[in-house]
Amino acid sequence: VSFVGNTARINSLNFDINTHLEVGVHPVDDVEIRRLTLINHSGSGRNLGITSYQEIVLDDAAADLTHPAFSKMRLRSEFAADQQTLVFSRFSSRNSLPALGCRVFSQGGGATFEGFESSRLNFFGRTGQSFDPTMAPLSNSDGFTLDQIASFRNNIYVAPKTTVKIYYLNAVARDQKTVL
């Protein structure tokens, strides 16, 4: 793990697959980009299942630390299938509340979008201690839940001696329309 400027880097090598995760925050705009680079050093192609997971906080840090459960109430998710984007917004009579968009896309390889999850309960199960949540089926449902998350699952084919990149983009904007 290394930290350089606005970027964190995590590297690992397992079964001839080199994995690089870079997480960067734009210095001016409200944008975070996570780039997952997969390099297949082996002589055979690999099919990989990639499941992302992130907690959703659409409030300032002090409010979330004071009462995280209350901070997550009244959040709504909506999936924009044409852009593979989950959009989170706070239900309110005011139209000036921000929205968060979470999007996934890939470059350089056979990536198949398999689904998404927006409910922590569905992802981990009732006890929150699922044995392997990466194998649990995703519900592909959006709307209101008590504990919002953003999870995307992709199946990736990485040919021998090639590289595939998966990008996760998180952006905050003044409203849902702007974030898309």
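Residues in the sequence shown are numbered from 633 upward in steps of one, following our numbering. Note that the Cβ used here is the ideal one computed from N, Cα and C, for glycine as well.
Considering only their Cβ atoms, is the gap separating residue j from residue i smaller than 7 Å?
i	j	result
residue 744	residue 787	yes
residue 752	residue 770	no
residue 799	residue 748	no
residue 680	residue 732	no
residue 796	residue 740	yes
residue 780	residue 684	no
residue 723	residue 774	no
residue 730	residue 633	no
residue 659	residue 638	yes
residue 782	residue 734	yes
Name the residue from the options whose alpha carbon lies nearest to the alpha carbon of residue i.
i	options	result
residue 636	656, 652 and 643	656
residue 668	693, 721, 682 and 711	682
residue 809	791, 767 and 721	721
residue 687	812, 802 and 651	802
residue 640	652, 648, 647 and 646	652
residue 791	672, 660 and 633	672
residue 674	807, 806 and 794	794
residue 742	670, 734 and 697	670
residue 642	807, 746 and 666	666
residue 776	812, 811, 719 and 789	719
residue 648	772, 677, 746 and 807	677
residue 812	650, 654 and 663	663
residue 806	697, 693 and 661	661
Drop a sphere of 10 angstroms on the beta-carbon of residue i, count the other beta-carbons inside from all chains shown, and report buried for 16 or more, exposed for fewer.
i	result
residue 706	exposed
residue 714	exposed
residue 778	exposed
residue 695	exposed
residue 644	exposed
residue 755	buried
residue 750	buried
Kindly say whether residue i, judged by its beta-carbon, lies nearer than 7 Å to any beta-carbon of chain B.
i	result
residue 642	Although the question refers to chain B, the structure presented lacks it and comprises just one protein chain.
Item to check | Secondary structure, alpha helix (DSSP H): runs of 4+ residues fully inside the region 674–720 | outcome: If we require 4 residues or more, the alpha helix (DSSP H) runs fully inside the region 674–720 come out as 693–698 and 700–704.
Item to check | Every unbroken beta strand (DSSP E) inside the region 735–786 [3 residues or more] | outcome: Counting only runs of 3 or more, we get 742–751.
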